[in-house]
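Residue numbers for the sequence shown, in this note's numbering: 466 to 1285.
Where is the CB? At the ideal position from N, CA and C, for every residue including glycine.
What you are looking at is a predicted structure, and each value in this text was computed from that prediction instead of being measured.
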Amino acid sequence: MMYRGRMAGTSRMTTTITDETGRRLAVKITKSGDVSVKDGGAMSMGSESGEIPDEQRVQLAKSPEADMPLQWPQHYTLGLFSPSSPIRRFSDMVVTNPWFGRIVLVLIALSSVLLAVDEPAVAKCQRIPSGSPGSCETLGTILYVADVCLTALFSFELVVKLVSMGGLGSPHAYFSSGWNILDFAIVGVSIASLALGEASSLKALRSLRALRALRPLRVVSRYPSLKLVVNSIFGALPKVTNVALVNFLFFFIFAIVGVQNFTGALSQCNDPDTESLEACVGMFNVTGSLCVMLPDTEQAEACRLDPAGAPFPRLWEPPPYHFDNVLNGLLTVFEVATGEMWPDIMYVCVDSVGPGQPRKKDTQPAAAIFFVMIQVLCAFFMLEVFTGVVVNSIFLAARFYGQPPEWETILETTSTVFTVVFTTEACVKLLGLGLSQYFVVTWNKFDFVLVIAGWVGILFDVGPLATLLRVFRVARIFRLVRTSRGLMQLLRTLIVSIPSLLNVGALLLLLFFIFACVGMNLFSDIKHGEFLNDEANFESFGTAMVTLFRVSTGESYNGIMHDAMVQPPYCDPDTNCGDLVLAPIFFVVFFIISSFVLLNLLVAIILDNFEDTKSAESTKLGFRLTEDFSRHYQDMWSKFDPLATGVVSFEDLVQLVCSLKFPLGLRDHPGVHHGPDLGRIAEKVLEQLNIQSVENEMFEFQIVLQALVNNASGKDWEQARITAAPKLQIQGDLKIMGGLRQALAVRKIQALVRSRNEFKRRLVVMEEELGRPATEEERSKLRTQTMKTDRRTAAMMFAMGTADAAHRPQSPESAGAGIS
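See below:
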């Protein structure tokens, strides 16, 4: 028997004793000397690890293996609730109910919608008394009540999970999950923002309310696909750390060099007519475009209308980007490295003279080398270069503004000719393949839609829809994809990547949503500037989303950031000033996450899938059905199907497998002894392939070939079986047996020739049986019977149509004619 224990203060000691059977006994000795013994169940041999659902955490927390630390009562959660406690049992029932998670998900979605509705304009108009113009007091009340209710419901969720799973001390407790810690923090922020009341003038409250935008993050923990993406990003952080440190080292070095060379040299007077530092004092009148310096929009508008302008203090100050200290130097180097507006920064430094001196054009041309080095050494470390495949169409790109009517007529006529050609192609395919075979191929469906759209645009006057139908002509370019193996690789890569791209796209949309809500709370009242204006701002949810999309692409994001950092006297400190700390943090963090992480993650997914697709197509698991193998298969098949019926019996199929060269068949197989048991081995191979038979237990040409190719390629035939429209995989491309009408005519001729050979064979047999030469009458009768057999074969092939003719053996040339 073994035991372990510890003192829990001076009031009691708890000891766990394990007997010979592996049972644990919890022995508690109080200060008064009372002893209590409780059966703790079997000794745990390990613990679970990793992120698991809360419902499973509840089940594990209820098990004997999930004991709290020894100073707490065994199997108690929060040190208060035993497994038999009504409150604990109620919490377990709630958390493990599947509807609980669904309801919480709906509440998260509802809270996200309310966050988007709660725009800064609502906070202003709800202060207007009810009944007055522009008042939205009712909407404000609804949003406040909804916020209180949602906070209460999320708090209830938090409490029942804590009671059910416990807080700490177990691998399956509530706070052992990072996602639960995030939920706890978000609920705490919501409670704190409600507790502070309506003191909206406090910056702390505005920042706190901005954190409510983190609520949508709770969706991630409830969707495994999103959770996988986030966990993958965090899992990659250790590997990215070294690269980030190298980047930061380069940034820091360039920032120090910039501080040493350009400290104070970029400053100038805000009065364009004043050049020297000594004269840059007092007031001056701003007029025209300089009126934007005034603190608010009303004053600026009045200034523009007044020829005398308005007074404004002279200031000797640097531009938004400068190297006056290391922190601003780091921010400036980051802006240059991202490649956005960096020539403007470079030219300012080239024109700099020195601290306290006005700038002069091209004073320091060597300063340009400094910025080129930043681009080479920093930008190439941070940004990836992408190569794209561009496909152009001459006639579709031939339109231009102001083109003469004759050119328009030529283009329309050319488009009509192309439509006729594509229509002819579709009709030939429909006649040759039949409806079932034609529409089973995705490319054929695509072509058919283009043909219909083309004729609708030509024959009918559909007004504004005509332009839309012309857009379908551009889709003709994609027909070229089928002719290029490389483009088909890219297309397959894109299709395979779609599920992963949707997951990352959903996470990116969630990021935009959160930062839009945060931006509305932090930057909605900031004075408009050159970049933060009516088109790009955070005054409404929709505009905030568009602004963030622009920032993620890098389009003047630093200009918007500097406008959001505006300070007095260019703004009113009580109403519309920016934030020197939060603005750069907000924009830099968003730009790094959206542009450098998530957008590059999309590229990484595509590249990874492209490599997988390329590897799979280049190797094909060691076998490709070449033209020689295709001809060999047809030659062997014709020996067992001399009349070109396209089907053979099982007995003939066994002999066919024995006759085909390895790896299609068993002939020359290195591991098979060619003796009496070869047929039995072939039967076992066919049983494993489980080839689908047609009527009368006959096996068709193409289905057998597909099965043998899949077997030689190491593929699972049950998964790769094609029944409705069999396809042939040749050298990595899916090719349907083409030249069907031509092949049908060839097979008819072959059947006629073979019927004559069959007549000669039957004649020999008949004469051997008669023991004499056949008479002319007997020859005529035998010839008639043979010809009837030939006509029945030809009639059967024609009646079954070209869809069934696709299953007939063809020449290698016709087999590769059609590409799906």
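Annotated three-state conformation of C734 is strand, per DSSP.
Where F749 is concerned, the enclosing beta strand (DSSP E) starts and stops at 748-751. The way I'd put it, the stretch 1112-1122 does touch the stretch 1156-1163; three or more beta-carbon pairs between them come closer than 8 Å. Contact annotation, M1026 with A1048: C-beta distance approximately 6 Å; criterion of less than 8 Å satisfied. Within the same chain, A765, C768, R769 come within 6 Å of C756 by CB-CB distance, once the 5 residues on both sides are set aside. In terms of CA proximity to Y639, L623 leads the group L623, E1243, F977. Shown here, F996 sits in coil according to DSSP, grouped into three states, outside any helix or strand. DSSP places A775 in the uninterrupted beta strand (DSSP E) bounded by 775-778.
The beta carbon of H787 lies closer than 6 Å to those of L731, N793 in the same chain, with the five residues before and after it left out. Cα atoms of R683 and R677: separation of roughly 11 Å, rounded to the nearest angstrom. Under DSSP, K1126 forms a beta bridge with R1132. Counting C-beta atoms within 10 angstroms of its own C-beta, L976 has 16 or more neighbours from the protein chains shown and is therefore classed as buried.
The criterion of a C-beta distance shorter than 8 Å is not satisfied by P703 and S577. Non-local C-beta neighbours of L966 in its own chain, meaning closer than 7 Å and more than five positions away in sequence, comprise L1067, I1070, ordered along the chain.
Closest by C-alpha distance to P1038, out of A675, G653, L759, S600, is L759. Excluding its 5 nearest sequence neighbours in each direction, F715 has C-beta neighbours in its own chain below 6 Å: L842, C843, listed in chain order.
Spatial neighbours of A1009 in its own chain (CB-CB distance under 6 Å, excluding positions within 5 residues in sequence) are listed in chain order as A981, G984, M985, F1003. For D1028, the enclosing alpha helix (DSSP H) has its first and last residue at 1022-1028. In this structure, W920 and T884 form a Cβ contact; the two beta carbons are roughly 6 Å apart against a cut-off of 8 Å. The stretch 643-660 makes no contact with the stretch 583-595, as fewer than three CB pairs between them are under 8 Å. Per DSSP, Y688 is not a residue of any alpha helix (DSSP H), being assigned neither H nor E.
V685 is the residue among V685, A775, V569, N562 whose C-alpha sits nearest the C-alpha of L974.
Take the alpha-carbon of V837 and the one of G774: they are about 41 Å apart.
Within 10 angstroms of the beta-carbon of V751 lie 16 or more other beta-carbons, which makes it buried. For E1241, the three-state secondary structure derived from DSSP is helix. Contact between the stretch 627-634 and the stretch 552-566 is present: 3 or more CB-CB pairs across the two stretches fall below 8 Å. Annotated three-state conformation of V906 is coil, per DSSP. Distance from the Cα of G605 is smallest, within the candidate group Q591, S641, Q1120, for Q591. According to the DSSP assignment, I1050 belongs to the alpha helix (DSSP H) that extends over 1047-1056. Of the residues assessed, P785 falls on the buried side of the cut-off, its CB having 16 or more other CB atoms within 10 angstroms. CA-to-CA, the gap between L1121 and M1101 works out to about 7 Å. Contact check for E740 against S1021 fails: the beta carbons are separated by 8 Å or more. In this structure L972 does not touch L1118 by the C-beta definition: roughly 53 Å separates them, more than the 8 Å allowed. Rounded to whole angstroms, V569 and T561 show a C-alpha spacing of 13 Å. The C-beta separation of M811 from F777 comes to about 29 Å, leaving the pair out of contact by the 8 Å criterion. Each residue's CA atom was taken as its position, placing S754 and G700 some 51 Å apart.
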